[in-house]
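Peer 1:
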Amino acid sequence: MESIVVQGGRKLSGSVVIDGAKNSALPLIAATLLAASGSCRLENVPDLRDINTIVHLLAGMGAAIERQGSSLNITTTAVENCQAPYDLVKTMRASILVLGPLLARFGQARVSLPGGCAIGARPVNLHIKGLEMMGARIRVEHGYIIGQAERLQGADISFDVTTVTGTENLMMAAVLADGVTVLRNAAREPEIVDLAVFLRKMGALIEGEGTHTITISGVEKLIAANHQVMPDRIEAGTFMVAAGISDGDVIIENAPLAAMGGVVTKLQEIGLLVEALAPSKEDAVLAGVAVRIRRGSAGLRGLDVKTMPYPGFPTDMQAQVMVLLALAEGTSVISETIFENRFMHVFELQRMGAAIEVEGRSAIVRGVKGLSGAPVMASDLRASAGLVLAGLAAEGETVMSRVYHLDRGYAGFEKKLKLLGADIERIKA
Ligand code: EPU
């Protein structure tokens, strides 16, 4: 088992380059299943545990996948085994993203039903309901979702709850369906826009991505295409907090500033100076720019944060902003509206001296003057990033165990922090 050891108190400086977005790369890789001919080339694919999981998933189905640096060449023409086994799905729920493409192209799928999750119940009922509305016959047997369809039919589908991967799954199902599909109350996340751009390159007819209503006219066949994965807005936000919490001065290169929704405004209100060094083009919502981050002269101020679907404040930045607010002046209330159990990091932060109480789906954060290093345990991906950030600011040594959570979504996190001057290392415990 590995641990991350941080000696707190170093001010970060220098520059860091943001990788491709995990939550964009995952649906893009699943979408390559839709190509009836040719090889897809995805560039700027981050080197992460979750990416390896989906690569294994597709390879097990018969896809040929080759990594060249940060690019993946994927050929799915020989896919014949439409299964996503429990062993892989249990390590990554986003494996469900293969369900829509498999049903659309092959008319069959056998995908393990994702089980419990550390951050909330996370059902996939809306994915299944939408596919059924498109004519798929779906049953759950022996822990597996078993789907069959002749050709999927276009349908008018309204999501009860905004779901990111649900929207992506149904988009990928609808591109090969017979007729027009309208997805209402669709998620508007930038990763959905990135997926639509790729699907269009493959020959799909999609309109309205990035709004609540996405209209897809099914086509007979899609072909392979090349695409560059958008930069990771959560990794960029995490490094912004790292700069702020360490009272450093950091240039974040390749930050998708225009796709960061409520994050930048909140960080500015808390007291960080966020300065775009290259102007962001209006039509380049998914493009990365260089951004300089440092604290303003007024220090850090507490405020309220409520997680919301995009363009609101993302739940995937909740743990990180909590750590910043733990050291801000005054009291902050953080409300988690997306996942019902995403406060596990609070109890670890308390061990480091943070004054945070959980009341239902809110956390009340009373700013303290300093944190003290302690042994802590990661409970999920974003919580683990939050704990490392706390360690950067804490006095003394923080040792975070269960590093595998971090490795799911941050490529070389401690290496990047070390290059910025952090005293951090990974050890075998
Ligand atoms: N929901 C349902 N039924 C469904 C689907 C979702 O009730 O069929 C509920 C969920 O339980 C949750 C809410 O809808 O309360 C929103 O969940 P959503 O489906 O949007 O989440 P997701 O698609 O499973 C993606 C990201 C998560 C991110 C959430 C919210 C990927 C691969 N994962 O998950 O990322 O937190 O959207 O923005 O895109 C992470 O990267 O750390 C991560 C957890």
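Per the working numbering, the sequence shown starts with residue 628, numbered consecutively.
Heads up, the beta-carbon is just placed ideally off N, CA and C, and yes, glycines get one too.
For residue 759, which residues from the same chain have a beta carbon less than 6 Å from its beta carbon, with the 5 sequence-adjacent residues on both sides left out?
Peer 2: One-based indexing of the sequence shown puts residue 759 at position 132. Hits under 6 Å: 765.
Peer 1: Exposed or buried, residue 868, counting other C-beta atoms within 10 Å across all chains shown (16 or more means buried)?
Peer 2: As a first step, residue 868 must be located in the sequence shown, where it is residue number 241. The residue is buried, with at least 16 neighbouring Cβ atoms inside 10 Å.
Peer 1: I need the straight-line Cα distance from residue 903 to residue 870, nearest angstrom please.
Peer 2: Here the question's residue 903 lines up with position 276 in the sequence shown. Here the question's residue 870 lines up with position 243 in the sequence shown. Residue 903 and residue 870: Cα-Cα distance of roughly 15 Å.
Peer 1: I'd like the span of the alpha helix (DSSP H) that includes residue 568, first residue to last.
Peer 2: This structure cannot speak to residue 568, because the chain is shown only from 628 to 1056.
Peer 1: Just checking my contact of residue 861 with residue 829 at CB under 8 Å: how many whole Å lie between their CB atoms?
Peer 2: As a first step, residue 861 is located in the sequence shown; it is residue number 234 there, counting from the start. As a first step, residue 829 is located in the sequence shown; it is residue number 202 there, counting from the start. Contact flag wrong, Cβ pair sits at about 26 Å.
Peer 1: Using the beta-carbon count (16 or more within 10 Å), is residue 686 buried or exposed?
Peer 2: Along the sequence shown, one-based indexing puts residue 686 at 59. Classification of residue 686: exposed, given that the 10 Å Cβ count is below 16.
Peer 1: Along the chain, which unbroken stretches of the beta strand (DSSP E) at least 3 residues long are found entirely within the region 838-905?
Peer 2: With a minimum length of 3 residues, the continuous beta strand (DSSP E) runs that stay inside the region 838-905 are 841-844, 853-855, 876-882, 899-903.
Peer 1: Quick check: does the Cβ of residue 792 come within less than 7 Å of any heavy atom belonging to ligand 1?
Peer 2: Position 165 of the sequence shown, counted from the start, is the residue given in the question as residue 792. Checking the Cβ of residue 792 against ligand 1 gives yes.
Peer 1: Would you check if there are 3 or more beta carbon pairs closer than 8 Å linking the region 780-794 to the region 811-823?
Peer 2: Cβ pair count under 8 Å is three or more, so yes.
Peer 1: Rounding to the nearest angstrom, what Cα-Cα distance links residue 921 and residue 780 in this structure?
Peer 2: Residue mapping note: residue 921 aligns to position 294 of the sequence shown, counting from 1. Residue mapping note: residue 780 aligns to position 153 of the sequence shown, counting from 1. Those two C-alpha atoms are separated by around 52 Å.
Peer 1: Taking only the alpha-carbon atoms, compute the straight-line gap between residue 998 and residue 981 and give it to the nearest angstrom.
Peer 2: Within the sequence shown, residue 998 is the residue found at index 371, counting from 1. Within the sequence shown, residue 981 is the residue found at index 354, counting from 1. So the alpha carbons of these two residues sit roughly 6 Å apart.
Peer 1: Taking the alpha helix (DSSP H) that residue 1011 falls in, what are its first and last residues?
Peer 2: If you number the sequence shown from 1, residue 1011 lands on position 384. 1008-1020 is the extent of the alpha helix (DSSP H) around residue 1011.
Peer 1: Is any heavy atom of ligand 1 found at a distance shorter than 7 Å from the C-beta of residue 788?
Peer 2: Along the sequence shown, read from residue 1 onward, the residue named residue 788 stands at position 161. Residue 788: yes, Cβ under 7 Å from ligand 1.
Peer 1: Excluding the 5 residues preceding and the 5 following residue 635 in the sequence, name in chain order all residues of the same chain whose CB lies nearer than 7 Å to its CB.
Peer 2: Position 8 of the sequence shown, counted from the start, is the residue given in the question as residue 635. Within the same chain, residue 635 has close Cβ partners 1000, 1018, 1019, 1020, 1021, 1022, 1023, 1025.
Peer 1: For residue 709 and residue 837, I'd like the C-alpha separation in whole angstroms.
Peer 2: What you label residue 709 is simply residue 82 of the sequence shown in a count that begins at 1. What you label residue 837 is simply residue 210 of the sequence shown in a count that begins at 1. One C-alpha to the other measures close to 30 Å.
Peer 1: Which class does residue 1045 belong to by DSSP, given the choice of helix, strand or coil?
Peer 2: Against the sequence shown, residue 1045 aligns to sequence position 418. In the structure shown, residue 1045 sits in a helix (DSSP, three-state: H, G or I).
Peer 1: What are the partner residues of residue 913, as DSSP defines its beta bridges?
Peer 2: Taking the first residue of the sequence shown as 1, we reach residue 913 at position 286. Looking at the DSSP assignment, residue 913 forms no beta bridge with any residue, so it has no partner.
Peer 1: Suppose the cutoff is 6 Å on Cβ atoms and the five residues either side in sequence are ignored; what does the same chain contact list for residue 937 look like?
Peer 2: Walking along the sequence shown from the start, residue 937 turns up at place 310. Excluding sequence neighbours, residue 937 sits near 815, 816, 888.
Peer 1: Here's the rule: buried if 16 or more other CB atoms are within 10 angstroms of the residue's CB, otherwise exposed. What is residue 840?
Peer 2: The count along the sequence shown starts at 1 and reaches residue 840 at position 213. Exposed: under 16 other Cβ atoms inside 10 Å.
Peer 1: Where does residue 1036 fall in DSSP's three states?
Peer 2: On the sequence shown, residue 1036 is found 409 positions in, with the first residue counted as 1. In this structure, residue 1036 counts as coil in the three-state DSSP scheme.
Peer 1: Quick check on this structure: which residue in 771, 805, 720, 694 has the alpha carbon closest to the alpha carbon of residue 732?
Peer 2: Within the sequence shown, residue 732 is the residue found at index 105, counting from 1. For residue 732, the nearest C-alpha among the options comes from 805.
Peer 1: Name the two residues that bound the continuous beta strand (DSSP E) containing residue 1004.
Peer 2: As a position in the sequence shown, residue 1004 is number 377, starting the count at 1. Taken as a continuous stretch (DSSP letters only), the beta strand (DSSP E) holding residue 1004 covers 1002-1004.
Peer 1: Among the residues of its own chain, which have a CB less than 6 Å from the CB of residue 985, if the five just before and after it don't count?
Peer 2: Looking up residue 985 in the sequence shown gives position 358. Taken in chain order, the residues that qualify are 970, 973.
Peer 1: Round the Cβ separation of residue 734 and residue 777 to the nearest angstrom and send it over; I've been treating them as touching at under 8 Å.
Peer 2: Here residue 734 corresponds to residue number 107 of the sequence shown, with the count starting at 1. Here residue 777 corresponds to residue number 150 of the sequence shown, with the count starting at 1. Their Cβ separation, rounded to whole angstroms, is 6 Å, which keeps residue 734 and residue 777 in contact under 8 Å.
Peer 1: Could you please give the first and the last residue of the uninterrupted alpha helix (DSSP H) stretch that includes residue 937?
Peer 2: For the purposes of this step, residue 937 is taken as the residue at position 310 of the sequence shown. From DSSP, residue 937 is part of no alpha helix (DSSP H); its letter is neither H nor E.
Peer 1: For a test of the three-state rule: what should DSSP assign to residue 651, helix, strand or coil?
Peer 2: By 1-based counting over the sequence shown, the position of residue 651 is 24. Correct three-state label for residue 651: helix.
Peer 1: Enumerate in chain order the residues of its own chain whose CB-to-CB distance from residue 755 is below 6 Å, with the five nearest sequence positions on each side excluded.
Peer 2: As a working note, residue 755 is residue 128 in the sequence shown. Excluding residues within five positions, the ones whose Cβ falls inside 6 Å are 765.
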